[in-house]
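J.: This is the structure I have questions about; it appears just below.
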Amino acid sequence: MDMAKVIHEKDVCIGCGACAAVCPKYWEMAGDGKAHLKGGKPAGSNFELELADVECNKDAASSCPVNCIKVK
Ligand code: F3S
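Quick note: the sequence shown uses the numbering used here, first residue 191, plus one each step.
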């Protein structure tokens, strides 16, 4: 199965919280005031998660006001 990748550009995140509101299965707000991609692995300043089904991550990406969530 083709895998998709969810990428969080954490340095760009302003902590708006929309991602966690629309996609709590994968996103939560962390103690640093930014979003945390659950299960995400560090990749430079980003966090990445490979998924077979991106589910609500597309909604998280489209809800983010600074477009720091990418789904590829
Ligand atoms: Fe950050 Fe965007 Fe979520 S600014 S808290 S990744 S909606």
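Note that beta-carbon positions come from the ideal geometry of N, C-alpha and C, so glycine has one too.
Check N236 in the structure and name its three-state DSSP category.
T.: strand
J.: Mind checking whether D249 and V212 have CB atoms under 7 Å apart?
T.: yes
J.: I believe P255 touches A208 by the beta-carbon criterion, under 8 Å. Please report the beta-carbon distance rounded to the nearest angstrom.
T.: At roughly 7 Å, the Cβ-Cβ gap stays under 8 Å, so P255 and A208 are in contact.
J.: Can you determine whether any heavy atom of the ligand F3S sits closer than 6 Å to the C-beta of G205, and answer yes or no?
T.: Result yes, Cβ under 6 Å from the ligand F3S.
J.: Heavy atom of the ligand F3S less than 6 Å from the Cβ of C246, yes or no?
T.: no
J.: Kindly list the residues whose CB is nearer than 6 Å to the CB of C206, restricted to its own chain and excluding five residues on each side of it in sequence; keep chain order.
T.: For C206, where only same-chain residues beyond five positions count, the Cβ hits under 6 Å are P255.
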